[in-house]
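For the record, the sequence lines run as chains A and B. Here numbering that gives the first Met the number 0 is used: position 151 in the first sequence is 150, and no number is missing along the way. Here numbering that gives the first Met the number 0 is used: position 176 in the second sequence is 175, and no number is missing along the way. I have placed the structure first, in the form of structure tokens, so that the comments after it can refer back to it.
There are 2 protein chains.
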Amino acid sequence: MSSAVISRRSRPGRPGRPRHVPAVDNTLSGREQILDAAARLFVDRGFAATSTREIAERVGIRQASLYYYFSNKDKILEELLALTVRPTLDQIDRVEAVANEHGEAAALYALVMIDTGTLAEAPHNTGLLPSLPEVRSLEQFKPYRAVHADLVDAYGRLGSHVAGRQVDGILVAHLVESVVASRSEGADVNETARHAIATAALGACGATKNEIKIASAVAWAELIA
Amino acid sequence: MSSAVISRRSRPGRPGRPRHVPAVDNTLSGREQILDAAARLFVDRGFAATSTREIAERVGIRQASLYYYFSNKDKILEELLALTVRPTLDQIDRVEAVANEHGEAAALYALVMIDTGTLAEAPHNTGLLPSLPEVRSLEQFKPYRAVHADLVDAYGRLGSHVAGRQVDGILVAHLVESVVASRSEGADVNETARHAIATAALGACGATKNEIKIASAVAWAELIA
DNA sequence: ATTATCTATAGATCTATAGATAATGC
DNA sequence: ATTATCTATAGATCTATAGATAATGC
């Protein structure tokens, strides 16, 4: 049973009728190849403007073959969204811990570093997907909007503590999302760039240069640990 | 000749076959009614996901009647984009003047106030349109991307002066665009909120509380003038 | 037998054009 | 005569389903 789970690397040498064009990359399963192609297309043309035929074409399969893995087009985007938010959610507990032990400034710095890291690493800049109009408006993507709203709340809570006044989490969230815009323009978002964003975020919350320096050092030490 | 230009308020009492449903708002020309309906739909569903039939339906005309005013669907979006950027471009000289007379911090504060003002006032939150995937990717919208890039450059230039080190204009631009996100969530973006954004922007560029206070006062005096 | 593909296609769009028509204005 | 609409429709999609088929695995 667990062996069945482990062998989720089904390619290559799997059974099934051969493709009309052989797969380019055999390290990815069929499902993963579809997600990969769809991610690229959704990110640079949008969801509605991308047809299932285009996705299939990039993979090297026929349009109808997509439906063997996904019951409809929405489901492909849903899965990509889930993959996009997961890495940040997985680390949210660490931020909580930093807040308790070292205060909100260090925690805010840490959260910005984690979140920018997730966005900087996301394959094909999928951090852009949550801002697609369909994700913002359609009922089926509500769960992902909720996750994002929680993150914005966390920014607002931490930021308000740092500033000593009400700070809108959207402000900080948007600073963080500048990573996506930078990547869209082909920039490499490295650790230095992410520290600049974290510094800007604390500055936007009214922290002094010295407070930022301390928060940075603490966050750094904790994230390594 | 000039009278022909002036009488661009063609409704009501214009000739032409009656609509199958009479117009709701006769203070707007047919063209303006189309732009208004399209703006709402493009903002909350996106461009590709909005059909010409839906736009026409909202206006109360038949789908084909749109083509009397616009040669194709793209042209509607192009016009909305032009209307969206115009107010900020119209005031860009004033920012230049502030920079020369009072320094970059005041100018940055002023630019943020102007730009957030434009976004806060844009009908139906059309400040969101530049971030639609089609506008980012399709050839015909290149002019609007160029205008936006210029604005980002201005933020970078002013921000770098304030910080005394290289600051990425995208950071500041994203703080400003948080106005759009706030409006999307139904928030009222008033002058207080805009001052908070300008303050955060200068803080993100490393300005001290006192520098921000001065920049705010100067920008305020100059924008009134 | 199972799996992963394929072919074929139904049915529902969607954009844009052609040409008719119902008003007003002269 | 001019204007702003209408009706009708061509032609090009696009999504999803039904059912066939070519491999491997047992």
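The beta-carbon is built from N, C-alpha and C at its ideal position, and this holds for glycine as well. Owing to the predicted nature of the structure, the values given are computational and were not obtained by experimental measurement.
Interface flag, residue i vs chain A, CB-CB below 8 Å
| i | result |
| --- | --- |
| B:I54 | no |
| B:L174 | yes |
| B:I169 | yes |
| B:S159 | no |
| B:K212 | no |
| B:E28 | With the sequence shown as reference, residue 28 of chain B is identified as Ser, and Glu is not the correct amino acid for it. No, B:S28 does not count as interfacial toward chain A. |
| B:I5 | Unreliable positioning characterises B:I5 in this predicted model, as indicated by a pLDDT of 36, which lies under 50. The coordinate reading is nonetheless provided below. Not one chain A Cβ lies under 8 Å of B:I5. |
| B:A153 | no |
| B:S181 | yes |
| B:G205 | yes |
Pairwise C-alpha distance: residue j and residue i
| i | j | result |
| --- | --- | --- |
| B:R135 | B:P129 | 7 Å |
| A:E210 | A:T83 | 31 Å |
| A:L118 | B:G155 | 22 Å |
| B:G168 | A:V20 | 45 Å |
| B:V111 | A:H147 | 26 Å |
| B:V178 | A:A206 | 22 Å |
| A:E31 | B:N71 | 37 Å |
| B:L127 | A:P17 | 45 Å |
| B:L137 | A:R44 | 8 Å |
| B:A192 | A:E56 | 47 Å |
| B:W219 | A:A81 | 45 Å |
| B:A3 | B:I33 | Per-residue confidence for B:A3 stands at a pLDDT of 35, beneath the threshold of 50, marking its modelled position as unreliable; no derived number is given. |
| B:L131 | B:R39 | 13 Å |
| A:V151 | A:A96 | 18 Å |
| B:A36 | B:L79 | 11 Å |
| A:F69 | A:S183 | 28 Å |
| A:I213 | A:A105 | 8 Å |
| A:S50 | B:G15 | 39 Å |
| A:E221 | A:H101 | 10 Å |
| B:A224 | B:V94 | 12 Å |
| A:G225 | B:A180 | This structure does not reach residue 225 of chain A, given that chain A is present from 0 up to 224, and the question cannot be answered. |
| A:E176 | A:D24 | 31 Å |
| A:K141 | A:L76 | 13 Å |
| B:G158 | A:A203 | 13 Å |
| B:R7 | B:A109 | Legend: pLDDT at B:R7 = 44, less than 50; position of this residue unreliable, value from coordinates given subsequently. Taking the straight line joining both Cα atoms gives about 34 Å. |
| B:L65 | B:P122 | 21 Å |
| A:V161 | A:A98 | 11 Å |
| B:T26 | B:R13 | 12 Å |
| B:I225 | A:E103 | Chain B is shown from 0 up to 224; residue 225 of chain B falls before or after that span and cannot be answered. |
| A:D73 | A:D149 | 23 Å |
| A:R164 | A:K208 | 18 Å |
| A:A145 | A:H194 | 27 Å |
| A:D225 | A:Q62 | Because chain A here runs from 0 to 224, residue 225 of chain A falls outside it and cannot be looked at. |
| B:I5 | B:R52 | Low local confidence applies: a pLDDT of 36 at B:I5 is under 50, so the model's placement there is unreliable, with the coordinate-based value given in what follows. Roughly 31 Å separates the two Cα atoms. |
| B:V166 | A:V58 | 40 Å |
| B:E190 | B:E120 | 11 Å |
| B:Y143 | B:A22 | 32 Å |
| B:A172 | B:A153 | 10 Å |
| A:Y67 | A:R85 | 25 Å |
| A:I60 | B:I60 | 42 Å |
Test item: CB-CB of residue i and residue j under 8 Å
| i | j | result |
| --- | --- | --- |
| A:L107 | A:L201 | yes |
| B:E133 | B:A216 | no |
| B:Q139 | B:I113 | no |
| B:A199 | A:L170 | yes |
| A:I196 | A:T115 | yes |
| B:V42 | B:T125 | yes |
Below-8 Å beta-carbon distance, residue i vs any chain B residue
| i | result |
| --- | --- |
| A:I91 | no |
| A:I196 | yes |
| A:G202 | yes |
| A:S177 | yes |
| A:G102 | no |
| A:A199 | yes |
What are the residues of the segment 65-76 of chain A that lie near chain B, defined by any Cβ-Cβ distance shorter than 7 Å?
none
Can you give me, in chain order, the residues of the segment 38-53 of chain A that have a beta carbon less than 7 Å from any beta carbon in chain B?
D43, R44, G45, A47 and A48
At a CB distance below 8 Å, what residues from the segment 110-143 of chain B approach chain A? Give them in sequence order.
S130, L131, P132, E133, R135 and S136
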